[in-house]
Amino acid sequence: MGHVTSLQDFTHDGYSDMRLDVDNMSYEELLALEERIGDVKIGLTVESIMTLLKQKKYMATEIETPSNQEPCCVCQEEYGDGDDLGTLDCGHDFHRDCIKQWLMQKNLCPKCKKTALPT
1 MGHVTSLQDF THDGYSDMRL DVDNMSYEEL LALEERIGDV KIGLTVESIM TLLKQKKYMA
61 TEIETPSNQE PCCVCQEEYG DGDDLGTLDC GHDFHRDCIK QWLMQKNLCP KCKKTALPT
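Numbering follows the UniProt record's numbering, with no gaps: position 116 of the sequence shown is 116.
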């Protein structure tokens, strides 16, 4: 029975020649790679967002004061009476237009990073 002569023999990866070393690629090489691969879409369509997003109007309560109210973490603006809110499956609320733009880019909650809406 043979034995391992070096750590390199032990960790030989038969696919190492097939991998791209993107860390050492030039800007032009990365652009060419992007052109070959194309865009990876991880966001949702406007239609699916508007269908799946739970919506409500914001109404301030007496127990909320500016010091204990969290602003929309997308735009950092506080909520005002009558603002349209969107609620994700995780329960986090955001301004509807803010979260709609966010979800078009990625289907993750900006606060907890869970999947925002089912696909």
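Ideal Cβ positions, reconstructed from N, Cα and C, are used throughout, including at glycine. As the structure is a computational prediction, the values presented were derived from the model and not from experiment.
According to DSSP, simplified to helix, strand and coil, what is D97?
Helix.
Evaluate D81 with the Cβ neighbour count: other Cβ atoms within 10 Å of its Cβ, from every protein chain shown; 16 or more gives buried, anything less gives exposed.
It counts as exposed.
Based on the DSSP secondary-structure assignment, which residues constitute the bridge partners of K56?
Per DSSP, L85.
Report all residues from its chain with a CB closer than 6 angstroms to the CB of M25; omit the five preceding and five following residues, and keep chain order.
Answer for M25: no residue qualifies.
Determine, using beta carbons only, whether I42 and K106 come nearer to each other than 7 angstroms.
A contact, by the Cβ cut-off of 7 angstroms.
Using CA atoms only, rank isn't needed, just tell me which of M104, L117 and A32 is closest to V46.
The option with the nearest alpha carbon to V46 is M104.
So, for L20: in the same chain, excluding its five sequence neighbours on each side, which residues have a beta-carbon less than 8 angstroms away from its beta-carbon?
Taken in chain order, the residues that qualify are L33.
Using the beta-carbon count (16 or more within 10 Å), is G91 buried or exposed?
With fewer than 16 other Cβ atoms within 10 Å, it is exposed.
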